[in-house]
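For reference, the structure is listed below as structure tokens.
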Amino acid sequence: VQDNNDKLAYWLSNSSTLLLLLQRTLKTTGAAGLTPQRRRSTAASFGRVFSGIRASPQSAARPFLGSRLIGGLGDLRQVEAKYPALLFKQQLTAFLEKIYGMIRDNLKKEISPLLGLCIQAPRTSRASLIKGSRSQANALAQQTLIAHWQSIVKILTNYLNVLKANYVCKLKP
């Protein structure tokens, strides 16, 4: 499953929707709301990544959290969070971070060799210039470099399409 980005995107979308629902319905007060500092900062930074769920009208959460299923977001009542719910929320956040990391690592694995070739291409073209004619070597180097960049764009487009097909929310900077 680690290399199957379609399944990872599916779980990323559904799990982030569940986390959003938990964030909107659980209220933490008193000692039950205290969590270790590391967890809070991790959850906060991850929350910023998925803050597009709340703001985006084309959000993945909208069909699930719309007025037809649970009466709209304004009708959600917050409940006091107990330790098991807080623990589940922390584990869900960690799960989301892991899935996001796997997708990111898969993308890095695919793109890194091509980026290496893009960095190597100018060096290769300089060596060719010394050996042969400049115009032919330059044209060949440019074509090779363009082909590498087009491959990178194609990979990024494929990843974007997989994320869109699974309704993964738009990321905010």
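Residue numbering for the sequence shown is 2 to 174, as defined by the working numbering. All residues carry an ideal CB built from backbone N, CA and C; glycine is no exception. Here the structure is a predicted model, which is why all the values come from computation and not from measurement.
| query | result |
| --- | --- |
| Cα-Cα, which of Gln144, Leu157, Glu81, Arg78 is closest to Ile104? | Leu157 |
| Within this structure, are the beta carbons of Lys90 and Leu20 separated by less than 9 Å? | yes |
| Near Asp4, what residues of its chain come up, given a Cβ to Cβ distance below 8 Å and the 5 sequence neighbours on each side ignored? | Asn107 |
| Bridge partners for Val80 per DSSP, in chain order? | Leu27 |
| Output yes or no for whether 9 Å exceeds the beta carbon distance between Tyr11 and Asn159. | no |
| When you compare only the Cα positions, how much space is there between Val2 and Gln137? | 45 Å |
| By DSSP, does Phe65 sit in helix, in strand, or in coil? | Reliability of the predicted coordinates at Phe65 is poor, the pLDDT of 47 falling under 50, and no value is obtained from them. |
| Can you tell me whether Asp4 is helix, strand or coil according to DSSP? | coil |
| Alpha carbon to alpha carbon, what distance is there between Asn139 and Lys99? | 44 Å |
| Could you say which of Phe96, Asp7, Ile147, Ile153 lies nearest to Glu111 if we only look at CA atoms? | Ile153 |
| Quick one: grab the DSSP three-state call for Tyr101. | helix |
| Quick one: is Asn6 buried, meaning 16 or more other Cβ sit within 10 Å of its Cβ, or exposed? | buried |
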